[in-house]
Structures are given as C-alpha cells and as structure tokens.
Amino acid sequence: MADPRFFRNVGPFAAGALADAVGAVLDPPEARDRVFKETGPLSSADADTVSFLDNPKYVTALTESAAGGVVLRPEHAHRAPNGAVRFLSDLPYRSFALIVQAFYPEPAVEPGVHPAASIDPSARIGDGARLDAGVVIGPDAEIGEGCWIGANTVVDRAVRVGPRTRVGPNVTLSFCLIGADCRILAGVRIGTRGFGFAMDQRGHIDLPQLGRVVVGDGVEIGANTTIDRGMGGDTVVGDGAKIDNLVQIGHNVTVGRGSVLCAQTGIAGSAVLEDFVVAAGQVGIGPHTRIGRGAQLAARSGVIRDIPAGAKVGGVPAIPLREFHRQNTALARLARRPAGPTGRAEDDDHEPDDKTDD
Amino acid sequence: MADPRFFRNVGPFAAGALADAVGAVLDPPEARDRVFKETGPLSSADADTVSFLDNPKYVTALTESAAGGVVLRPEHAHRAPNGAVRFLSDLPYRSFALIVQAFYPEPAVEPGVHPAASIDPSARIGDGARLDAGVVIGPDAEIGEGCWIGANTVVDRAVRVGPRTRVGPNVTLSFCLIGADCRILAGVRIGTRGFGFAMDQRGHIDLPQLGRVVVGDGVEIGANTTIDRGMGGDTVVGDGAKIDNLVQIGHNVTVGRGSVLCAQTGIAGSAVLEDFVVAAGQVGIGPHTRIGRGAQLAARSGVIRDIPAGAKVGGVPAIPLREFHRQNTALARLARRPAGPTGRAEDDDHEPDDKTDD
Amino acid sequence: MADPRFFRNVGPFAAGALADAVGAVLDPPEARDRVFKETGPLSSADADTVSFLDNPKYVTALTESAAGGVVLRPEHAHRAPNGAVRFLSDLPYRSFALIVQAFYPEPAVEPGVHPAASIDPSARIGDGARLDAGVVIGPDAEIGEGCWIGANTVVDRAVRVGPRTRVGPNVTLSFCLIGADCRILAGVRIGTRGFGFAMDQRGHIDLPQLGRVVVGDGVEIGANTTIDRGMGGDTVVGDGAKIDNLVQIGHNVTVGRGSVLCAQTGIAGSAVLEDFVVAAGQVGIGPHTRIGRGAQLAARSGVIRDIPAGAKVGGVPAIPLREFHRQNTALARLARRPAGPTGRAEDDDHEPDDKTDD
Chain G
1 MADPRFFRNV
11 GPFAAGALAD
21 AVGAVLDPPE
31 ARDRVFKETG
41 PLSSADADTV
51 SFLDNPKYVT
61 ALTESAAGGV
71 VLRPEHAHRA
81 PNGAVRFLSD
91 LPYRSFALIV
101 QAFYPEPAVE
111 PGVHPAASID
121 PSARIGDGAR
131 LDAGVVIGPD
141 AEIGEGCWIG
151 ANTVVDRAVR
161 VGPRTRVGPN
171 VTLSFCLIGA
181 DCRILAGVRI
191 GTRGFGFAMD
201 QRGHIDLPQL
211 GRVVVGDGVE
221 IGANTTIDRG
231 MGGDTVVGDG
241 AKIDNLVQIG
251 HNVTVGRGSV
261 LCAQTGIAGS
271 AVLEDFVVAA
281 GQVGIGPHTR
291 IGRGAQLAAR
301 SGVIRDIPAG
311 AKVGGVPAIP
321 LREFHRQNTA
331 LARLARRPAG
341 PTGRAEDDDH
351 EPDDKTDD
Chain Y
1001 MADPRFFRNV
1011 GPFAAGALAD
1021 AVGAVLDPPE
1031 ARDRVFKETG
1041 PLSSADADTV
1051 SFLDNPKYVT
1061 ALTESAAGGV
1071 VLRPEHAHRA
1081 PNGAVRFLSD
1091 LPYRSFALIV
1101 QAFYPEPAVE
1111 PGVHPAASID
1121 PSARIGDGAR
1131 LDAGVVIGPD
1141 AEIGEGCWIG
1151 ANTVVDRAVR
1161 VGPRTRVGPN
1171 VTLSFCLIGA
1181 DCRILAGVRI
1191 GTRGFGFAMD
1201 QRGHIDLPQL
1211 GRVVVGDGVE
1221 IGANTTIDRG
1231 MGGDTVVGDG
1241 AKIDNLVQIG
1251 HNVTVGRGSV
1261 LCAQTGIAGS
1271 AVLEDFVVAA
1281 GQVGIGPHTR
1291 IGRGAQLAAR
1301 SGVIRDIPAG
1311 AKVGGVPAIP
1321 LREFHRQNTA
1331 LARLARRPAG
1341 PTGRAEDDDH
1351 EPDDKTDD
Chain Z
2001 MADPRFFRNV
2011 GPFAAGALAD
2021 AVGAVLDPPE
2031 ARDRVFKETG
2041 PLSSADADTV
2051 SFLDNPKYVT
2061 ALTESAAGGV
2071 VLRPEHAHRA
2081 PNGAVRFLSD
2091 LPYRSFALIV
2101 QAFYPEPAVE
2111 PGVHPAASID
2121 PSARIGDGAR
2131 LDAGVVIGPD
2141 AEIGEGCWIG
2151 ANTVVDRAVR
2161 VGPRTRVGPN
2171 VTLSFCLIGA
2181 DCRILAGVRI
2191 GTRGFGFAMD
2201 QRGHIDLPQL
2211 GRVVVGDGVE
2221 IGANTTIDRG
2231 MGGDTVVGDG
2241 AKIDNLVQIG
2251 HNVTVGRGSV
2261 LCAQTGIAGS
2271 AVLEDFVVAA
2281 GQVGIGPHTR
2291 IGRGAQLAAR
2301 SGVIRDIPAG
2311 AKVGGVPAIP
2321 LREFHRQNTA
2331 LARLARRPAG
2341 PTGRAEDDDH
2351 EPDDKTDD
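Chains as they are written, first to last, in this note's numbering: chain G, 1 to 358; chain Y, 1001 to 1358; chain Z, 2001 to 2358.
Next up, the structure:
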C-alpha cells in the first residue's frame, strides 16, 4: 500500500464505476457494486485490491493470487482465482494504469507564487499557476495557466511554458517553447548551447547556436536530462514523447511523436527519430542518422547508419537484432573450439583493469 | 600538500598515536614520538610525510621514496627506505585512509539556518543542523540532528533525512527516506517519478509511481546521479553502498549493502543487486535481473541475465570475463587471417562518421 | 532566421567588412559594398544571406542554393551559384563561424547583483560582474571582472572564477579554480568529492579527497557534466578544451589543451589525455591510461590501455579503427556461413528483454 505521507488514495470505488471509467467489461456483470480500496501486484493483492495480468508468463501468479479483482484479457478470464471480479480488457496494462490513476490522481496544483520567487515584471504568469520558493522567471517569459514550477527552477528570458505543464525543482529552461500538459522532472536542462565549434588548433571557434528547443504537448522529460537548442533551426520533441533520466539530445535533433527514450540514451546532432521510435537504455544514435517510424533499438545499441521503419536492431554498430544474436552465437562457438595448427585455443593473459577506486 | 584555502591539516601527530588510531604496528617501536606533519604519495613524500604501499607493483617507488613514514604489509617492511618509520598493517590502504582522515577530518557542521532558506512551518529541523542559503524544505519534512543541507537544495514534502547526513548544493530529495551518516553530492535527484507507462499509440498512459526511495546508513551518492522512486513498493539502497556520479537507478531496484557502482552505470527497473556487488564504469544492468552477492561487472558490461554470486563478467551481453577475453582474442585472430576462396580478407570501406561537431 | 525573442541580429554588414573581419578573400573584389542581413544553411539561404560549403559532399546543395554569399575554399569557387559573392577561405567553416559571430555576438554582461543573491561578506566580486537571483557565493570566493553567474548557482568557499567567465544557472562550483573566458553550462558540478574508498566488507573507508579542479582559459563545459576534485594533486582541464553534456571526469584526470569530449563520455581516475584528443560520444576511458596527443576515439569506444599519439581507435576494448572494422566484417561473414558438421548455423532462441517500461 502506498505510504500515505506521500500519496493519497481517493478510493474506495465500486467495480462498475471503475470498469466504465477504463472501458473494461465486468465479469460477472452483477459485481458492479463490489467495492475496491486499493490497487497492487498479484503477489501481494488481497480481497479489496484490484490487480492485473498482462504478460501470460505470470498466469500462475494469477491463479495463486488473493486479489479480489483482476484486469485481464478475455482469454485469461478462466484462470482468475475463484471469486475474483474480472475486468476484461484487450489492453489490460493500459486499463490497470487508468484504474490506478483513479485511486491515486495527480494532486491538484494549489495556485500561488511563493514570496521567495523572483519574477521579472515583464513575465506573464497564467491563472492558477503555482511558483515555488526560489523560482526565477526571466523577462518576457510566459508561464501557462495551471502550471506548477518547482522550487529553485530557472525559467530564462522569453521561454514559454504551456498550460498545465509541471516542472520539477532545480530545472533550467532557456531558449525553448514547452507545450501543454508536459512533465519535466528535477534537474532537466533545456535549451543549453549546442556543442558546435569549428575545430582549430589555434583555438576552437564557437558556432553561435541560434535555434530553440520546441517541445510538444504531453511530453515527459526525466531527471537530469539535457536537451540542447538548435544551431540554426530547432531541436524538436514531438507530442507525447517520453524521455527517461540522464538522456542527452543534441542540437537540431528531432524526436518523433510518441517516441520512448530510456535512461542514459544519447542522440547526436541532427539525428531524426520518426514517430514511435523506442530506444532502450544507454543507446547511442549517431549524427545525421534517420531512425524510421516504430523502430526499436535494443539496450546499448550504437546506431551509425539509417534504420528502416519498424526494424529491431542491436549491437555496435547496430544491426538487425536477429543478426546480432547470430553473431554472438558464432563468436562464442569460435572461441570455444581449438584454433590453429597446434590445436590449442590462444588466450589473453591480460586481466582488464577492474580497479574501481581510481 | 593540500591547498590550505580548501583543506585544513590538523596535524602534526606522533607516530605512536597514529599507529594506535589505525590499528597498525609501529616498526621500530621506539619511533612512537617521531612526529609527522602530512600525508602523500610515495613519489612526492618527504621526511615529515606518511605514505603507503598497497600494490606490490610499486615497490620500486617505495625503495626510492624520501617518505619519513610508510604504511605497508609486514612482508614489504624490509623494502622501505632507510630510516623510514613503518606502520605495519595487513590492510595498508585502509590504514592509510584512516591516517589521512586523522590529518584532514571532515569539517564539523556549524549549526544554523540561513535567512534565505525557506522552511515550511510544519517541517522538523534537528538540533545542530545547518541549512544554507536557498534551501527549501517542504511540509512535514524532517531533517535529522547535525545534518548539513547545501545551498539551493530542495527537500520535498514528508521526506526524512537521517542524522548527520550531508547533502550537497542543488540537490532534490522527494518521496524518500534517507538514513544516517550519508553523503549526497551536488545535483543528485532522489525520488523522481519512475519511467512507467502503458505504451499505446493513442498516447502512452502513466502508471502512477506510488513507491518511495529508501536509502540506508552510510551511503554515498555521487553528483548528478538519479534514483527513481518505486512504482509500488520501494527503490532501495542498502547500508554502506557507494554510488558514483551520473548513475541511473530505475524504479524498484534494490542495491545491496556495501555495493559499489562506478560512474555512468545504469540499472533498469526491478533489478536486484545483492550485497557487495561491484559495477565498474558505464555498466548497464537490464530490468528484472538479479546480480549475486559480490559479483563484479567489468567496465561497460551489459547484463541481460542473472549473474551468479561472486562471478566476474564483461561484454555485451555480459559473459564470464575469461570467456570475454577468449572471444576477443579469437575474433582478432579471425580478422587477421585470409578469408574465403580468394584468399583475400574482405574489408569494409565505410569509415564511421567521426564528426564530433554535430 | 533566428527567433528575435531569443537572439539579436546586429547586421546588416557589407561584404567587404565581413571578409576583412574573418580573413577571407572577396570574389569578385568589387562586391565589397554588397550588403548581407543574415547567415544560414545553403538549403534555406536567400539573396541577403551568407552561407558556406565545407564538406565537398554538399557541392550540389551549393550549386542549387539561392544564397547571395557563400564562404568556401578557392577550389569550389566555380561551383557557387550565379551572382553569389564568394568569401574564399582555406578554413570555410571557421570563417563562417566568425561571420555568424559578427551577426549574433554574445550579449554583453549587464553588471549588477540581484537582491535575491546571497554573497558572503568576505567574497570578492570583480567590477562589471553580474550575479543573478538565487546565486550563493561562499566565504573567500573570488568572482572575476565581467563574469556572469546564472540564477541559483552556488560558488562555494574559496573558489576562484576568472574574468569574463560565464556560468549558467543551477551550477555548483567547489574546490576549484576556473580560468578566464570559460563558459560553464547549466547544472555542471565541479569539485565534488572524488570516488575514493578503501574497500572493506566491514564498511568502505573514505579516502579524503584533498585536491582541487583547475580549469584553464577558454574552456566550455556542457550541461550536467561532473568533474571531481583530485584525491591529492589536482584534476586538470587545459586551456581551450571543449566538453559536452553529461560527461564524467574522475579525480586526478588531466584533459589536455584543446581536447574535445562529446556527450556522455566518462574518464576514470588518473587518466591523462594529452592535447587535442577528441573523444566522440559515450566513450569510456579507463583509470591510469594515457591518450596521446591528437588521438581520436570513435563513439562508444572503451579504452583500457594507453593509446599512441595520433591514433584512431574504436571498439571495446579499443583497437585501431581499421582493425575494428575488419573484425566487424569478419564476424558478420562468420555468422552468415553454415557451421558445424550439420551444415546448419546455430541460432539463439532468446529474444533479448526489450521491455522498456520497467
């Protein structure tokens, strides 16, 4: 159960109301008045709790669960424990997410400007916005209606933040236009100078970075992630993109609508990710590459050439995932068999330096 | 010698007192009253300085050193320079660390709340705590006795920070319970929203993240590291864990007691590191994996399956280190020899894009 | 064209003045009075715009461009579109950068200390410096003439910042000496504790970190980058080095003059980069390694041994780039051909875990 010091449960809710709210079909239909108080995983759920089954590999956990309610696909309905109310859905994870949101809605924004915030007189602050202590808003900046700007966050000159966007503490926004309903977590840096120089042994010469960062609606940007502004033209993050922590996005990159970038991924300048690209953790995407719509990049892959739409790739340099597995298998086999005329596999005496303390 | 603008040397100390304090045996015993003023490496040490030998590969540096005192293992005592006082210890690096701590103790916390800090009236601030300028403490937060909260750090609603913990500047703590005697460096983000969505082309749906981050005692967390809160249940960092800069720890991860995570390592959601795991730099650990007690992960390894206790692994995907070396050797050999019926090794014409400026 | 809310164009300029300012030769010479209003890429340039050709692979774009002025090498002059004024230069990208700087100079620093800054009375603030809201300056710190310290940045005790250096918002500077004319972007952490412990299952023992970070002149440090102070002796960044976002630099590292480190690169303790080393994105450099002058490390390479001056390396562990390509080719070929007595290539059934949501 969620710690009430941090999270507020606004339940209980009747099963019928929950099913209606998330577009699930109640089974049995007469369970509409059954009341639920909590949500949680199958393993710890009790009779008052709604849980879910998405991945069929956990069907045993389903059968053994004490959950009073379960969101699942129709084809798994018969595997639910005896007496459990079933919320039938073709997208059980999605439906469950909406049920959890019903129990634990995002807290409303309590409007107000903290006296320890520093707001330039030329800035425009929308109705119902909340600005916490230590917030600094520069000249001509515009904070939308119902925004929440966290403590010690800096919103620089002329930046625009769309309505209902929530910006965490200790964030820096500069040279950017942020859409509506975004969530920007603590420590994010948007609009910093792109890494552009004319390299020269007499001293590298700055290329002025004269573009912006344009972020769409409904975007999430994770803690300590950095997004540089364009050099000429903009760095763009499309609507609904979800970006994890410590991600780097270089100047003039385009991140397509609905794309998902996991932690510590880095995207070099001018790369284009079409819509719904998924990059798992610690991926690297080279400059000027194009990643086709819906392509999936396995964790730690390193992309240096264009990737077609829908492809699944892995490895460095990234190749089709199936080929990557085949190469790993072939290499393992090669290393196992005897080599050379002596029939002995050679070996490398060198231990890699695994000191971690320096 | 340490720059006195930044560090204060509280010596000199007599050899006998130092040896007693760190559990070393003085050799010769009659050197108890010999006085030392400084600590330092063998190469620059003089007659007033205590140095150390840990790695036997530097024994030549020992013999040639002008150090007046040396911490070393008994078996290296005869290699010390003439006239040098020996501090015999089975763990010379540990004993030397304690001697350096004696000369350069962590400065005491000078209690006080800066007038430019913003403290919610419902927050509880322990005796002897120090809160610097720009600190923001939210409602119901609790700062332990003797804590030091650095400038412009934000401690959000209901967070608890244990006694004597030192939090650097520009940090964000939210949805977390921090133990005693921890050190949290500048720019750390703890308790940010886990990266949880039901992916959906109509718009990814947030899974509310209803857990906390629970950090044990004596933990160090490096600059700009990010630790997300759990989705349901907590993200946990065990007592005495040491975490370097720019590390990412996903929701519901467990980092075992005494584990050491070097810089830029990333741990995906729900992974479990048992106690005393060591991850060198830039390691990636996949979701839902379990790393056994004391396992060692070489720099840049990428773990996608469980790793047994005590194993040493490397590569992507991570395999036993010995096997990784063997594969590297086999591949190098393969690439050197002629291939195919023509007897010519094929080559790749493509130069990778090594532009760094875009 | 750059968004005038964020950038100010101080043109127009006559072609002759521009050519003189950047050391280019005007062709034809009689075009000195031709006026230009803007700079931009070949694809979008119009008759009032100066553009450039550096990489010959874009020569078609040159020929088709509507640009009124083009910076290019003498050998490409005949490929410029009809009527375009040519600025002939052996280093066209450099010359173009200087022309862009002429149109869009870095805005001057408007001196002043914001009333919401907290300055220790013992700190020295140079003439013409600007300190924004929420800035915290510790005792004995020294801010040079004409510096700009961004909002909510913390400059700790005894730190020295050289003249004309610009520090972004939400930065932390401690235990460091920063040179003149540097640019330090938002969220940078300099001088945090090096990651030094005597590892011990009874509890890792801190090695006090008694060195500083010494940053030369004209250095750029990217957003959320972290640079630890030395353990004994200093961490050093040479004049003119350019460091991108989210880079980690460990204790006692030396980064040579004019080196360029792209995003998410990590350098372990005591590594030495000689002058003009270039590390592309996500590179890892192991502890105590030495990278020779002018060496180039391809994106994602992992260096565990010394690299000679001028070498180009890639892969993990890093090897000469040519060899790395050859190995990739050999492995691809190996995986394609049938294996073993059955004539069937083995394959790996395991799909890697590509869940990105946990």
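Heads up, the beta-carbon is just placed ideally off N, CA and C, and yes, glycines get one too.
Exercise. So, is residue 1057 of chain Y buried or exposed, given that buried needs 16 or more other C-beta atoms within 10 angstroms?
Worked result: exposed
Exercise. Rounded C-beta distance between residue 361 of chain G and residue 275 of chain G? I'm assuming under 8 Å.
Worked result: Residue coverage of chain G in this structure runs from 1 to 358, which leaves residue 361 of chain G outside it and unanswerable.
Exercise. Taking three-plus beta-carbon pairs below 8 Å as touching, is the segment 192-203 of chain G in contact with the segment 2008-2026 of chain Z?
Worked result: no
Exercise. Of the choices Y/1117, Y/1112 and Y/1121, whose alpha-carbon is the least far from that of residue 1129 of chain Y?
Worked result: Y/1112
Problem set entry | Residue burial classification, residue 1078 of chain Y (beta-carbon count within 10 angstroms, cutoff 16) | exposed
Exercise. Which residue or residues does DSSP assign as beta-bridge partners of residue 2197 of chain Z?
Worked result: Z/2206
For this session: Just the C-alpha distance for residue 2322 of chain Z and residue 2293 of chain Z, rounded to the nearest angstrom, thanks.
Result: 19 Å
Problem set entry | Cutoff 8 Å: residue 1323 of chain Y Cβ touching any chain G Cβ | yes
Exercise. If we ignore side chains and look at the alpha-carbon of each, how far apart do residue 2267 of chain Z and residue 319 of chain G end up?
Worked result: 28 Å
Exercise. For residue 2277 of chain Z versus residue 2259 of chain Z, is the C-beta distance shorter than 8 Å?
Worked result: yes
For this session: State the Cα-Cα distance for the pair residue 2095 of chain Z and residue 2023 of chain Z, rounded to the nearest angstrom.
Result: 7 Å
Exercise. Quick one, are the C-beta atoms of residue 1189 of chain Y and residue 152 of chain G less than 8 Å apart?
Worked result: no
Exercise. With DSSP run on the structure shown, which of helix, strand or coil describes residue 61 of chain G?
Worked result: helix
Problem set entry | Pairwise C-alpha distance: residue 133 of chain G and residue 1950 of chain Z | Since the displayed chain Z opens at 2001 and closes at 2358, residue 1950 of chain Z lies outside it and no answer follows.
Exercise. Taking only beta-carbon atoms, is residue 2272 of chain Z less than 8 Å away from chain G?
Worked result: no
Exercise. Does any C-beta atom of chain Z lie closer than 8 Å to the C-beta of residue 101 of chain G?
Worked result: no
Exercise. Since residue 1251 of chain Y contacts residue 1191 of chain Y with CB under 8 Å, what's their CB separation in whole angstroms?
Worked result: At roughly 10 Å, the Cβ-Cβ gap does not stay under 8 Å, so residue 1251 of chain Y and residue 1191 of chain Y are not in contact.
Exercise. Alpha carbon to alpha carbon, what distance is there between residue 1300 of chain Y and residue 1160 of chain Y?
Worked result: 34 Å
Problem set entry | CB of residue 1239 of chain Y within 8 Å of CB of residue 1222 of chain Y, strictly | no
For this session: List the residues of chain Y whose Cβ lies closer than 9 Å to the Cβ of residue 2170 of chain Z, in chain order.
Result: 1152, 1170 and 1187
Problem set entry | Interface residues of chain Z facing residue 1007 of chain Y [CB-CB closer than 7 Å] | 2210
For this session: Could you have a look at residue 2323 of chain Z and say whether DSSP puts it in helix, strand or coil?
Result: helix
For this session: Please confirm if residue 1098 of chain Y has its CB atom under 8 Å from at least one CB of chain G.
Result: no
For this session: Check distances from the C-beta atoms of the segment 1116-1142 of chain Y to those of chain Z and list, in chain order, the residues that come in under 8 Å.
Result: 1116, 1132, 1133 and 1134
Exercise. Going by Cα to Cα distance, which pick from G/36, G/1, G/2 and G/281 is closest to residue 17 of chain G?
Worked result: G/36
Exercise. When you compare only the Cα positions, how much space is there between residue 263 of chain G and residue 242 of chain G?
Worked result: 11 Å
For this session: Go ahead and pull the three-state DSSP assignment for residue 2183 of chain Z.
Result: strand
Exercise. Taking C-beta to C-beta, are residue 1310 of chain Y and residue 1295 of chain Y nearer than 8 Å?
Worked result: yes
Problem set entry | Under 8 Å by beta carbon: chain Y residues contacting residue 262 of chain G | 1195 and 1268
Exercise. In the segment 2173-2184 of chain Z, which residues sit with their C-beta less than 8 Å from some C-beta in chain Y, listed in chain order?
Worked result: 2174 and 2175
Exercise. Who are the Cβ neighbours of residue 1219 of chain Y in its own chain at under 6 Å, not counting the five residues just before and after it?
Worked result: 1182, 1237 and 1241
Exercise. Beta carbon of residue 1135 of chain Y, beta carbon of residue 1117 of chain Y: below 8 Å?
Worked result: yes
For this session: Quick one: grab the DSSP three-state call for residue 2101 of chain Z.
Result: helix
For this session: From the DSSP output, in three-state form, read off residue 335 of chain G for me.
Result: helix
Exercise. Leaving out five residues before and five after residue 2356 of chain Z in sequence, what residues of the same chain have Cβ atoms less than 8 Å from its Cβ?
Worked result: Because the pLDDT at residue 2356 of chain Z is just 38, under 50, the model does not fix this residue reliably, and the point stays unresolved.
Exercise. Span of the beta strand (DSSP E) holding residue 314 of chain G?
Worked result: 312-314
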